[in-house]
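Engineer: Please read through the structure below; I'll follow up with questions.
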Amino acid sequence: MTRRILSSAAFTLIALSMALDAQVTPDRLLRAAQEPQNWLTYSGGYASQRHSLLTQITPANVRNLDLQWILPNQVFGAWQSSPVVVDGIMYVTQRPNDVLALDAKTGRVFWQYRYTVSSDARVCCGANNRGVAILGDTLFLGTLDSHLVALDAKTGRSLWNVAVGDPKLGYSITMAPLVVKDKVLVGTGGGEYGIRGFIAAFDTRTGKEVWRFYTIPGPGERGHETWKGDAWKTGGGSIWLTPSYDPALNLTYWGVGNPGPDWNSDLRPGDNLYTDSVVALDADTGQLKWHFQFSPNDTYDYDAVQIAVLADLDWRGTPTKAMLWANRNGFFYVLDRTNGRFLFGTPFVKVNWESGLDGNGRPIPTPQPPGQPTWPGNQGGTNWYSPSFSPRTGLMYVSAWEGYASVFRKEPAQYVAGRNFAGGGATPVTPVPGAPGIRIGRATPINTWTDAAGHGTVMAIDPQTGQKKWTFSQFDVTDSGILTTASDLLFTGGREGYFYALDARTGAQLWKTSLGAQIVNGPITYAVDGRQYVSVISGNSLVTFALRN
Amino acid sequence: MSRRSWLLTLIAVFLLAAPAGAQLLAQDHPGQYAQEDIGRGAVLYNTQCNQCHGRDGDQISGVDLRRGQFRRAQSDEDLAQVITRGTSSGMPPFALQPSELTGIVAFIRAGFDTTASIRVGNAARGRTIFDGKGQCATCHRVGGTGPRLAPALSDIGLARAPASLDRSIRDPSAGMMPINRPVQIVMKNGSTIRGRRLNEDTHSVQIIDDQERLRSLPKTDIRTMSVETTSPMPAYAGKLTDDEIADVVAFLLTLRTP
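Protein sequences, first through last, are from chains V and D.
Each residue of the first sequence is one higher than the last, beginning at 2 in our numbering.
Each residue of the second sequence is one higher than the last, beginning at 92 in our numbering.
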């Protein structure tokens, strides 16, 4: 009897501790913004505003931020991962496809999962991985050889592992998956290998594929008429960033990558749907509800892989379920996310590849003569790095590249399975022939290209007008994502390795520290035991700050 | 003419003719790699390798293809093996034709230089011009000697291609890298600092001043900073003959000690 009482007491204790350490339910994911102590998805919530309600760190005390811990990474190359944080545990990926679980207060590691990438893997741009998704006690990881892996969040042991695409054909996964209800959603990279991109949903328990949507429509499907001959078979349309989700509409929003081959549009006449578009897919069935194409028949590698920011606005006097989008092609767009209707678009950087947008948001192309510069350059006015939207200021915050152009060239391209299928290239414009141009990443502490080849600017864009409320310029370009908080702070970085806190209302620099190496993804914030932390990756170090005790 | 003297004459003819033109070019630079292979490699590089390794081949940390800095490879065979097998750190294997592989290795070994039109003369004569008529050593430092006002040239043969060297000698302002530009800085305390820019970021600039001091200046202390786009180096087009410039280029290409 005594024994039974004891064991039942123990059971109660265990049950209590389990309740404290609750699983991440679909309902919690829906309300991620309401538990700001956690960072539950890649973008901090389904609306992808990257805006936290935490207010312990304020404009008044941000100068007291202090280094708490550093997690070093032993792997070469840009570290593009964005951690998730659940009840004091941080999950972060590192190259090529490792996952680490750590104490978010101290940075000490609980477990490390190492995935061996098949030698069949082909990736255009480095062994990048941008993070995991979580549901219940399960983490979901996409791999460079195009597998989707489920891991036990407590042990780091694999639960299931399914093939998504054929790595020999150039399919890879670099994005952090997104969990919606009982499904985990992921898309395929490989836009430089002549893939036919797709998005697929998998049962979170079994890994069984539930639905699939091809970003390049096949014969008989709507949109197929925007391709000629067999070009659709190698049409690209990669997916390499995490989608957003509107639960009320039950729609997921995906930015689709460039057409294949990247630079030679002559080889694929037509609009090439759904490349360089946003597609709105039903979360349960994968059915296409609507699409909007930013850059038809693209010649400039202007992937529309930016994060779709969902905001409910009083837009020019009308309550609007809006989608805000600063595109790689240099335009800022406001769309109606219920139906994809174009509401507004205006350039946020210098643009000369077209002369404006028509009433439906379609660009009027002005291709430059061969050898002449095109603005924005190949890396775009912005790119994959996450923007932020603050409901408090009503402003969209974007990391942009200014004064940056490329000379594009078309070359013949023959599709060979698994081989690069580019059809040309792009050379960044430099002020002096032969001088270093801006690269995809920064691998040297010396800025040999200088601002004469382009520079970065954090822009606060008013969605009502497209006007910049303020700008914050950097000498080098920036690939840093942005985080805003409900105390009107904005955190961001750049290639120079400075980590900044700005006033989200004015752009005034409130605090900076030099972390030394390039910051190539967005900071996150979370809280443990009532203390707010801010984490950011600089070079090969994940660095975490909190207010001085 | 005896057989022996005929041979001597032939050697003499070669010795006279060779420095003037293409034969030395083929031998000295770009080494034993055929121009045709280098050209083929360049096309392949731009489509297959450029995306990760970058236009200048130094985009992967620890690797600088153009300057011959590799993580694993030493020999041409090693290079070919890395390309065909890939690496554990994420480089995929490339299934290339043998001629493509030869081309890509040649392009890397040639320092990405496909310009066959730039003349490369005699390095020994170039050294004499560098120290004498050209007065290059008045400003440029090589090895441990010379002033530091202009960029040191000890490894310029690694850093620059012949075409770029040729341009810099003939028209220095056109060839001056933006980072090397002369700066004139007026500090908020009223002092003026002249020097050459070494590095710059949003909040600071690093220079070597005209007293050869390394200085890192916070921009908050700077009132004005002007960055000159005209090089203080004289243009040598017209000052040196084409042959002399080709000789100086040849000498500069031998400077390969970082």
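From the three backbone atoms N, C-alpha and C, an ideal C-beta is built for every residue, glycine too.
So, does the region 369 to 376 of chain V touch the region 445 to 453 of chain V, judging by three or more C-beta pairs under 8 angstroms?
Structural biologist: Short answer: they don't touch.
Engineer: Determine the direct distance from the alpha carbon of residue 400 of chain V to that of residue 541 of chain V, and round the result to whole angstroms.
Structural biologist: Using only the alpha carbons, I get a separation of about 21 angstroms.
Engineer: Can you tell me which of D:240, D:275 and D:292 puts its alpha carbon nearest to the alpha carbon of residue 284 of chain D?
Structural biologist: Among D:240, D:275 and D:292, the Cα nearest to that of residue 284 of chain D belongs to D:275.
Engineer: Have a look at residue 205 of chain V and residue 32 of chain V and give me their C-alpha separation to the nearest angstrom.
Structural biologist: Cα to Cα, residue 205 of chain V sits roughly 19 angstroms from residue 32 of chain V.
Engineer: Quick check on residue 433 of chain V: does DSSP put it in helix, strand or coil?
Structural biologist: It is coil, neither helix nor strand.
Engineer: Tell whether a beta-carbon distance below 8 angstroms holds between residue 238 of chain V and residue 275 of chain V.
Structural biologist: Their beta carbons are under 8 angstroms apart, which means residue 238 of chain V touches residue 275 of chain V by this criterion.
Engineer: Please determine if the region 326 to 342 of chain V and the region 299 to 311 of chain V are in contact, where contact requires at least 3 C-beta pairs separated by less than 8 angstroms.
Structural biologist: Contact holds: three or more Cβ-Cβ distances are below 8 angstroms.
Engineer: Residues of chain D with CB closer than 9 angstroms to the CB of residue 448 of chain V, please, in chain order.
Structural biologist: What residue 448 of chain V touches in chain D: 270, 290, 291 and 292.
Engineer: Could you give the residue range of the beta strand (DSSP E) that holds residue 348 of chain V?
Structural biologist: Run containing residue 348 of chain V: 342 to 348, per the beta strand (DSSP E) assignment.
Engineer: Compute the distance between the beta-carbons of residue 495 of chain V and residue 475 of chain V, then report whether it is under 8 angstroms.
Structural biologist: Yes, the pair counts as a contact, with Cβ atoms nearer than the cut-off.
Engineer: Check each residue of the region 159 to 188 of chain D: if its Cβ is closer than 7 angstroms to any Cβ of chain V, include it; give the result in chain order.
Structural biologist: Within the region 159 to 188 of chain D, the residues whose Cβ lies closer than 7 angstroms to some Cβ of chain V are 177, 180, 181, 183 and 184, listed in chain order.
Engineer: Output, in sequence order along the chain, the residues in the region 126 to 140 of chain D whose CB is closer than 7 angstroms to any CB in chain V.
Structural biologist: Those residues of the region 126 to 140 of chain D that come within reach of chain V (Cβ to Cβ, closer than 7 angstroms) are 137, 138 and 139.
Engineer: Would you tell me roughly how many angstroms separate the C-alpha atoms of residue 287 of chain V and residue 248 of chain D, rounded to the nearest one?
Structural biologist: Near 57 angstroms, if we compare the C-alpha coordinates of residue 248 of chain D and residue 287 of chain V.
Engineer: Going by beta-carbon coordinates alone, are residue 100 of chain V and residue 134 of chain V separated by less than 8 angstroms?
Structural biologist: No, Cβ-Cβ distance for residue 100 of chain V and residue 134 of chain V is not below 8 angstroms.
Engineer: Distance, Cα to Cα, residue 92 of chain V vs residue 49 of chain V?
Structural biologist: Distance between the alpha carbons of residue 92 of chain V and residue 49 of chain V: 19 angstroms.
Engineer: Classify residue 306 of chain V as helix, strand or coil using the three-state DSSP reduction.
Structural biologist: Three-state DSSP puts residue 306 of chain V in coil, outside helix and strand.
Engineer: Using a Cβ-Cβ cut-off of 8 angstroms (strictly less than) and excluding sequence neighbours within five positions of residue 328 of chain V, which residues of its own chain qualify?
Structural biologist: Cβ neighbours of residue 328 of chain V beyond the five flanking positions: 295, 296, 303, 305, 307, 334, 381, 382 and 383.
Engineer: To which residues of the same chain is residue 289 of chain D closer than 7 angstroms at the C-beta, ignoring the five residues directly before and after it?
Structural biologist: Result list for residue 289 of chain D: 297, 298 and 299, in chain order.
Engineer: Taking the beta carbon of residue 330 of chain V as the centre, do at least 16 other beta carbons fall within 10 Å, making it buried, or is it exposed?
Structural biologist: Residue 330 of chain V is buried by the Cβ-count criterion.
Engineer: For the 8 angstroms Cβ check, are there 3 or more pairs between the region 237 to 253 of chain D and the region 195 to 204 of chain D?
Structural biologist: Enough Cβ pairs lie closer than 8 angstroms, so yes.
Engineer: Three-state secondary structure (DSSP) at residue 116 of chain D?
Structural biologist: Bear in mind that the predicted position of residue 116 of chain D carries a pLDDT of just 28, short of 50, making it too unreliable to give a figure here.
Engineer: Using three-state DSSP, classify residue 163 of chain V as helix, strand or coil.
Structural biologist: Of the three classes helix, strand and coil, the one that applies to residue 163 of chain V here is strand, per DSSP.
Engineer: Would you mind working out which of V:77, V:89, V:332 and V:85 sits nearest residue 528 of chain V, comparing C-alpha positions?
Structural biologist: That would be V:89, whose Cα lies nearest to the Cα of residue 528 of chain V.
Engineer: Specify, as a first and last residue, the run of the beta strand (DSSP E) that residue 525 of chain V falls within.
Structural biologist: Element bounds for residue 525 of chain V: 525 to 529.
Engineer: How should residue 406 of chain V be labelled, buried or exposed, when 16 other C-beta atoms within 10 angstroms of its C-beta is the threshold for buried?
Structural biologist: With 16 or more Cβ atoms within 10 Å of its Cβ, residue 406 of chain V is classed as buried.
Engineer: Leaving out five residues before and five after residue 325 of chain V in sequence, what residues of the same chain have Cβ atoms less than 7 angstroms from its Cβ?
Structural biologist: Cβ neighbours of residue 325 of chain V beyond the five flanking positions: 310, 312, 335, 390, 397 and 464.
Engineer: What residues in the region 413 to 426 of chain V have a beta carbon less than 7 angstroms from any beta carbon of chain D?
Structural biologist: Per Cβ criterion, the list reads 421, 423 and 426.
Engineer: Identify, in the order they occur along the chain, each residue of the same chain with its Cβ nearer than 7 angstroms to the Cβ of residue 121 of chain V, setting aside the five sequence neighbours on each side.
Structural biologist: Once the five neighbours on either side are set aside, the close Cβ partners of residue 121 of chain V are 146, 168 and 169.
Engineer: Enumerate in chain order the residues of its own chain whose CB-to-CB distance from residue 63 of chain V is below 8 angstroms, with the five nearest sequence positions on each side excluded.
Structural biologist: Once the five neighbours on either side are set aside, the close Cβ partners of residue 63 of chain V are 490, 502, 511 and 512.
Engineer: Roughly how many whole angstroms lie between the Cα atoms of residue 115 of chain D and residue 175 of chain D?
Structural biologist: Any reading at residue 115 of chain D must be qualified, since the residue scores a pLDDT of 27, below 50, and its modelled position is unreliable; the value itself is stated next. Using only the alpha carbons, I get a separation of about 33 angstroms.
Engineer: What first and last residue would you give for the beta strand (DSSP E) that runs through residue 317 of chain V?
Structural biologist: Careful: residue 317 of chain V lies outside any beta strand (DSSP E) and carries neither H nor E.
Engineer: Can you give, in chain order, each stretch of the alpha helix (DSSP H) that sits fully within the region 191 to 229 of chain D and has at least 4 residues?
Structural biologist: Entirely contained in the region 191 to 229 of chain D, the alpha helix (DSSP H) runs reaching 4 residues are, in chain order, 214 to 222.
Engineer: Compare the C-beta of residue 60 of chain V with all C-beta atoms of chain D and state if any pair is closer than 8 angstroms.
Structural biologist: So no, residue 60 of chain V is outside the interface.
Engineer: Sort D:127, D:130, D:197 and D:134 by Cα distance to residue 425 of chain V and report the nearest one.
Structural biologist: Checking every option, the nearest Cα to that of residue 425 of chain V belongs to D:134.
Engineer: Check each candidate in V:535, V:300, V:194 and V:277 and name the one with the smallest Cα separation from residue 385 of chain V.
Structural biologist: Cα-wise, what sits closest to residue 385 of chain V is V:277.
Engineer: By how many angstroms is the C-alpha of residue 262 of chain V removed from the C-alpha of residue 198 of chain V?
Structural biologist: Going from the Cα of residue 198 of chain V to the Cα of residue 262 of chain V covers about 13 angstroms.
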